[in-house]
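Residues in the sequence shown are numbered from 866 upward in steps of one, following the working numbering. By construction, the Cβ of each residue, glycine as well, lies at the ideal position given by its N, Cα and C atoms.
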Amino acid sequence: MSQIDDLPPLRDVIAAHDLRAKKSMGQNFLLDLNLTARIARVSGPLGGARVLEVGPGPGGLTRALLAEGAGRVVAIEKDARCLPALAEIAARYPGRLEVVSGDALEVDVPLEAPWRVVANLPYNVGTELLVRWLTPAAWPPPWESLTLMFQREVAERIVAAPGSKAYGRLAILAQWRCDARIAMTLPPEAFAPPPKVSSAVVHLTALPAPRFEADARVLSRVVAMGFNQRRKMLRAALKGLGPDIEDRLRAAGIAPTQRAEEVTLEQWCALARAVAEA
Ligand code: SAM
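Structure (structure tokens):
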């Protein structure tokens, strides 16, 4: 196996710092540096890029980002046991790696926009972080792309098309203002310890403007209501939006008897506009 840098193999790093994986921290480590280099490259050429990494752990992906040329990497890690291993990487790449000790759900990103996110996310906070990145106060967001590892089932929900079981709130939220694709799938054995399910790397690129006009809060409310009772016809599922909901649905080109999973992104946005007008 070719080397991506002159630091010790990850197995040795884990043994030297006694980094036994903790389930409570969502720790499933990637030990193959060629694989982490492939993941890093999904985000595009890294020369000089500013990158946020969440959950660097022993640093496999961090090393790949730096070896691939990222100009500055900020890595937020909650497990303090990982900090000495990460300090060794920072010393190998002077001035390019800043490790922030803390919870990514609470820490502000100390990076000048635009930045990218590249992360093998802890599964317990992955969706929450994605939703936060997808719902900034203003669009375009401060990040240009998100390259994120998820459980495969979550990745499929992000890229799902209408008519599929995976299609729902996450697909609409992601696809409304981003291009989203699954770039890689990984079997459980790619990780140590192996998780129970397969994983996938999703790559999202922020569009300069939303695909279709809509108020973000209204769209989010309408979509959440529609999918909350996804087996019901929309005239019933969305009854709470007002007595004239059937008219609003028709104005958006949606039959009141349709179900949430049959409605396209363009129709959801038309419905959000019709509801906002009411
Ligand atoms: N990036 C490493 C890799 O690919 O081998 C580790 C990935 S592991 C799936 C998730 C990492 O996120 C762990 O290092 C864990 O300690 C860290 N983590 C868990 N919860 C976190 C949180 N709320 N904020 C920051 N890091 C967190």
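heavy atom of the ligand SAM below 7 angstroms from residue i C-beta
| i | result |
| --- | --- |
| Glu942 | yes |
| Phe1015 | no |
| Asn985 | yes |
| Val990 | yes |
| Val919 | yes |
| Ala978 | no |
| Asp883 | no |
| Phe894 | yes |
| Met1049 | no |
| Leu1106 | no |
| Leu1035 | no |
| Ala950 | no |
| Pro923 | yes |
| Ala945 | no |
| Leu926 | yes |
| Asp1112 | no |
| Leu970 | yes |
| Met890 | yes |
Reduced DSSP secondary structure (H/G/I, E/B, other) of residue i
| i | result |
| --- | --- |
| Asn893 | coil |
| Asp877 | helix |
| Ala1143 | coil |
| Ile1047 | strand |
| Glu1126 | helix |
| Thr901 | helix |
| Trp1041 | helix |
| Glu953 | helix |
| Gln1016 | strand |
| Ile1023 | helix |
| Ala945 | helix |
| Val1066 | strand |
| Val1155 | Absent from the structure is residue 1155, since the part of the chain shown begins at 866 and ends at 1143. |
| Cys1134 | helix |
| Pro1056 | One point to set straight first is that residue 1056 is Phe, not Pro, in the sequence displayed. Strand, per DSSP. |
| Met866 | Caution applies to Met866, whose pLDDT of 46 falls short of 50 and renders its modelled position unreliable; the model cannot decide the point. |
| Glu1111 | helix |
| Leu976 | coil |
| Arg1082 | helix |
| Glu993 | helix |
| Trp1004 | coil |
| Leu917 | strand |
| Ala1089 | helix |
Integer Cβ distance of residue i from residue j, believed to fall under 8 angstroms
| i | j | result |
| --- | --- | --- |
| Phe1015 | Val1067 | 6 angstroms |
| Arg961 | Gly936 | 7 angstroms |
| Ala1139 | Ala1116 | 4 angstroms |
| Ala839 | Val964 | This structure leaves residue 839 out entirely; the chain is present only between 866 and 1143. |
| Ala969 | Leu994 | 6 angstroms |
| Ile954 | Thr927 | 6 angstroms |
| Ala984 | Ser966 | The Cβ separation is near 16 angstroms, so there is no contact. |
| Asp1044 | Leu1069 | 7 angstroms |
Residue-chain proximity (residue i, chain B), Cβ-Cβ < 8 angstroms
| i | result |
| --- | --- |
| Pro923 | Structure shown: chain B not included; a single protein chain is present. |
Spell out a yes or no on whether the region 1085-1101 and the region 1022-1038 are touching, meaning 3 or more CB-CB pairs, one atom from each, closer than 8 angstroms.
The region 1085-1101, when compared against the region 1022-1038, does touch it at the 8 angstroms Cβ threshold.
Segment contact flag, the region 918-927 with the region 948-957, C-beta cutoff 8 angstroms, min 3 pairs:
Touching, per the Cβ criterion.
Can we say the region 875-888 touches the region 903-919, given the rule of at least three CB pairs closer than 8 angstroms?
Look at the beta carbons and you see the region 875-888 not touching the region 903-919: under three pairs across the two are nearer than 8 angstroms.
With three or more C-beta pairs closer than 8 angstroms as the rule, is the region 1120-1135 touching the region 1023-1035?
Between the region 1023-1035 and the region 1120-1135 there are three or more inter-stretch CB-CB distances shorter than 8 angstroms, so the stretches are counted as touching.
Decide if the region 982-1001 is in contact with the region 884-902; the criterion is three or more beta carbon pairs, one per stretch, under 8 angstroms apart.
In short, these stretches touch, since the Cβ pair count reaches three.
I want to know whether the region 1004-1013 touches the region 968-979 - three or more CB-CB distances under 8 angstroms.
Touching, yes, given that three or more Cβ pairs across the two stretches are closer than 8 angstroms.
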